[in-house]
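Below is one structure, written out as structure tokens; comments come after it.
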Amino acid sequence: KKQSVGWWIAIGAGLLVVALIIWAVIGGLPKLTGQDNPWDQPGTAPVENFCTAGVTSSSATPVPDKPGRISAGHLSFPTMGSPWRGAELDNRVPFGTIAMMQSALDQADYDGQGVGNDWVSSVLVSDLVSGDGFADAKSASGVVLKCVLGKYYANTVVTQKQLSSKAHQVDGHAGWLIETQLSFSVPNLKATGERVLLLVVQVEPDQYGLFYASVPDTSPDRLPEARDALAKLRVDG
């Protein structure tokens with residue numbers, strides 16, 4: 008005896024409904040929410056979003072007036088004379104709300120575009136603001152270094168040889184200093200590497216400041232001057 012076709016149609020319709028529900032949960036919902044994968048765990052944001060530069064914060068530290076010193080983020084170093092330029096504001100520092108910098112020319116208009124793209128030695132201080140906070144100066148220094156390389160050398164393949172990574176106190180405040188040698192190849196640029204000094208200091212129980220210096224190999228006379236600025240760094244109230 009033949010079975011009723013109606014039963015098979017009912018069963019098939021039921022299976023189709025179940026399949027559509029599964030598709031909506033696994034495949035359709037991400038598209039409806041405008042995301043490729045809304046199931047990603049927190050903390051998987053792209054590096055460029057994580058390494059925020061020029062962030063805004065209600066806790067941004069005002070730049071105090073320190074005659075004869077370059078100051079930001081509760082850190083300061085003595086103003087350096089010629090060939091170092093006067094104090095400049097830098098808004099590219101990862102996690103920084105405000106940074107003050109001195110620079111010295113290494114190669115003018117290195118890319119030949121005539122728009123003022125100069126390669127320079129630089130020394131700066133900045134505050135550091137992280138939404139989740141930093142565990143300590145050591146971990147902060149490693150994170151900031153990675154972000155600096157991604158931000159300052161975004162379109163360049165950079166290799167680094169870490170020369171030292173050690174504790175470095177400033178006025179009794181815990182800090183961590185990384186010294187590394189960078190190597191790169193930039194069209195029309197004479198320098199093929201530079202030395203980086205990066206120090207993170209815990210200036211308050213929940214606040215950190217940054218000292219950063221980079222000196223191209225083609226400006227070797229600037230490196231002792233950057234080291235001297237580091238040696239004379241102090242924590243300001």
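Using this note's numbering, the letters of the sequence shown map in sequence onto residues 8 to 244.
Positions of the beta carbon are idealized from the N, C-alpha and C atoms, including for glycine.
Keep in mind the model is a prediction, meaning the values are calculated, not measured.
Considering only the beta carbon of each residue, do residue i and residue j sit closer than 7 Å?
i	j	result
A79	A111	no
D97	M108	yes
G244	L206	no
A236	V130	yes
V132	L82	yes
G140	N195	no
H175	V210	no
Please work out which residues of its chain come closer than 7 Å, Cβ to Cβ, to residue i, disregarding the five sequence neighbours upstream and downstream, and give them in chain order.
i	result
V177	V208, L240, R241, V242
S137	F102
Y160	F191
D113	W126, V127, S128, A198, P223, T225, S226
T163	F191, V193
Where does residue i fall in DSSP's three states?
i	result
Y159	helix
L135	strand
L237	helix
V203	strand
A79	strand
G149	helix
L196	coil
P74	coil
P231	helix
A142	coil
Run the CB neighbour count on residue i, radius 10 Å, all protein chains shown included, and call it buried at 16 or more, exposed below.
i	result
L204	buried
T166	exposed
E232	buried
S192	exposed
T104	buried
A144	buried
Check each candidate in the options and name the one with the smallest Cα separation from residue i.
i	options	result
S221	Q214, Y215, D213, L230	L230
A198	G93, G75, Y117, T59	Y117
S226	R76, S128, L156	S128
L135	V122, Y159, G157, R99	R99
D224	F218, V210, E201	E201
D228	K73, V164, S89, Y219	S89
A147	P85, G75, G216, R234	G216
I185	Q120, W91, K168, Q214	K168
D213	A142, A238, T163	A142
F218	K173, F84, W91	F84
Who are the Cβ neighbours of residue i in its own chain at under 6 Å, not counting the five residues just before and after it?
i	result
A94	I77, M107
C154	C58, P101
R234	none
P115	Position check: residue 115 holds Ala in this sequence, whereas Pro was assumed. Closer than 6 Å at the Cβ level, and outside the excluded window around A115, lie D125.
Please work out which residues of its chain come closer than 8 Å, Cβ to Cβ, to residue i, disregarding the five sequence neighbours upstream and downstream, and give them in chain order.
i	result
T187	L152, Q167, K168, Q169, L170, R202, V203, L205
L156	V165, Q167, L189
G75	P85, T86
K73	S83, D243
K173	W183, L184
7 Å is my cut-off, CB to CB: does residue i come that close to chain B?
i	result
C58	The structure shown contains no chain B; it is built from a single protein chain.
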